[in-house]
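Student: I have a structure here, written as C-alpha cells, and I will follow up with some questions on it.
Numbering (the working numbering), first residue to last: 1309 to 1527.
Put into C-alpha cells, the structure is as follows:
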C-alpha cells in the first residue's frame, strides 16, 4: 500500500528535521516492509520555485507491505511528537505516467476502482536538467495562479527531494473531473505542457493520480 505523511514543526525543531532527513534514510532502508520511500522537503504552494521552500513542513511517502506497521514505527512517532500539525493518507493508484528515480514503485499496487468518485491526490515530480532550471522557473507563475484558482482544488503544496533540480507538487482534489479540467482545460497548464516539449527541460518526469482512500489531519 501507499502511505504519505506530512508534518508541520516549530522553528526550534528545524535542525532536528534536517538531521533526521539523513538519519531516517538509514532506518527506512533497513525495514523489510518498505519497498520504496522518499523523504520530502515541502513548499508553501505559492510559487513552486526554490524560494517557496518551507522549512517548517516535511514529508514522507512510502510503499509498504499491506500488513506494515510503519504508521506505528519510531520514525513516524518521532515526527508526530516534534510536529504541531500532521497529515496522513492512504493512496491507491489510478493513473501513473513516468518514473520516479528510474523506478516504477506503484505498478504492483492494486489500482482503485474505475468508478472511484472520492477525493483525488495528484503528484507531479520531475528531475530538471541543470541548464534548464531558470527557464523552468519562469514558466511556473502562470500555472501556479491557474492551479490555485481551479474549481475543486482542496489544497496544494510543493514537494522536493532537493532544493534545486528535483521539483514536484502534491495536491488534493474533490474529484477526478476537477483534476482533468485543470490539466486539459486551463490555458496556462496547456502552455506549460507545450513548453515542456519545446524546451525539453526534464531529465525525468512523473504525473500520477491516486484515490485518497482515507486521510487524517490537514495538509
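Idealized CB from N, CA, C, for every residue including glycine. A quick note: this is a predicted structure, and the numbers were derived from the prediction, not measured.
Can you give me the start and stop residues for the beta strand (DSSP E) that residue 1460 sits inside?
Tutor: Taken as a continuous stretch (DSSP letters only), residue 1460 belongs to no beta strand (DSSP E), as it is neither H nor E.
Student: Provide the residue span of the beta strand (DSSP E) that contains residue 1362, from first to last.
Tutor: Residue 1362 -> beta strand (DSSP E) spans 1361-1372.
Student: Need the endpoints of the alpha helix (DSSP H) that residue 1389 sits in, please.
Tutor: Looking at the DSSP string, the run of the alpha helix (DSSP H) that includes residue 1389 is 1382-1390.
Student: What does DSSP give as the partner residue(s) for residue 1513 in the beta ladder?
Tutor: 1434, per the DSSP bridge assignment.
Student: Classify residue 1414 as helix, strand or coil using the three-state DSSP reduction.
Tutor: Residue 1414: coil per DSSP, three-state reduction.
Student: Hey, quick one: how far does the beta strand (DSSP E) through residue 1408 stretch, first residue to last?
Tutor: Premise fails: residue 1408 is in no beta strand (DSSP E) and is neither H nor E.
Student: Could you have a look at residue 1397 and say whether DSSP puts it in helix, strand or coil?
Tutor: Here residue 1397 sits in strand by DSSP.
Student: Within the continuous beta strand (DSSP E) that includes residue 1350, where are the two ends?
Tutor: Residue 1350 -> beta strand (DSSP E) spans 1342-1351.
Student: Helix, strand or coil: how does DSSP classify residue 1473 here?
Tutor: Here the model assigns residue 1473 a pLDDT of 48, short of 50, so the residue's position is not dependable, and the following value carries that caveat. Coil.
Student: Measuring CB to CB, does residue 1483 end up less than 8 Å from residue 1463?
Tutor: Result no, Cβ atoms of residue 1483 and residue 1463 do not sit closer than 8 Å.
Student: Report, in whole angstroms, the separation of the C-beta atoms of residue 1420 and residue 1512, which I expect to be a contact under 8 Å.
Tutor: Contact doesn't hold; Cβ gap of about 25 Å is too wide.
Student: Looking only at C-alpha atoms, which of 1426, 1365, 1311 sits nearest to residue 1466?
Tutor: If we check each option's Cα against that of residue 1466, 1365 comes out closest.
Student: Using the beta-carbon count (16 or more within 10 Å), is residue 1333 buried or exposed?
Tutor: Its Cβ having fewer than 16 others within 10 Å, residue 1333 is exposed.
Student: Considering just the uninterrupted stretch of the beta strand (DSSP E) at residue 1310, what are its terminal residues?
Tutor: Note, residue 1310: beta strand (DSSP E), 1310-1317.
Student: At what residues does the alpha helix (DSSP H) containing residue 1326 begin and finish?
Tutor: Segment 1322-1338, the alpha helix (DSSP H) holding residue 1326.
Student: Going by beta-carbon coordinates alone, are residue 1350 and residue 1428 separated by less than 8 Å?
Tutor: No.
Student: So, does the stretch 1400-1408 touch the stretch 1383-1390, judging by three or more C-beta pairs under 8 Å?
Tutor: Verdict: no, contact absent.
Student: Looking at residue 1363 and residue 1322, is the spacing between their C-beta atoms short of 8 Å?
Tutor: Their beta carbons are under 8 Å apart, which means residue 1322 touches residue 1363 by this criterion.
Student: Tell me residue 1487's beta-bridge partners as DSSP assigns them.
Tutor: Paired residue(s): none; residue 1487 is not in a bridge.
Student: Would you identify the three-state DSSP class for residue 1519, choosing helix, strand or coil?
Tutor: Strand.
Student: If we call anything under 8 Å between Cβ atoms a contact, is residue 1405 one with residue 1329?
Tutor: For residue 1405 and residue 1329, no; Cβs fall outside 8 Å.
Student: Work out the CA separation of residue 1395 and residue 1522 for me, nearest whole Å.
Tutor: Rounded to whole angstroms, residue 1522 to residue 1395 spans 11 Å at the Cα level.
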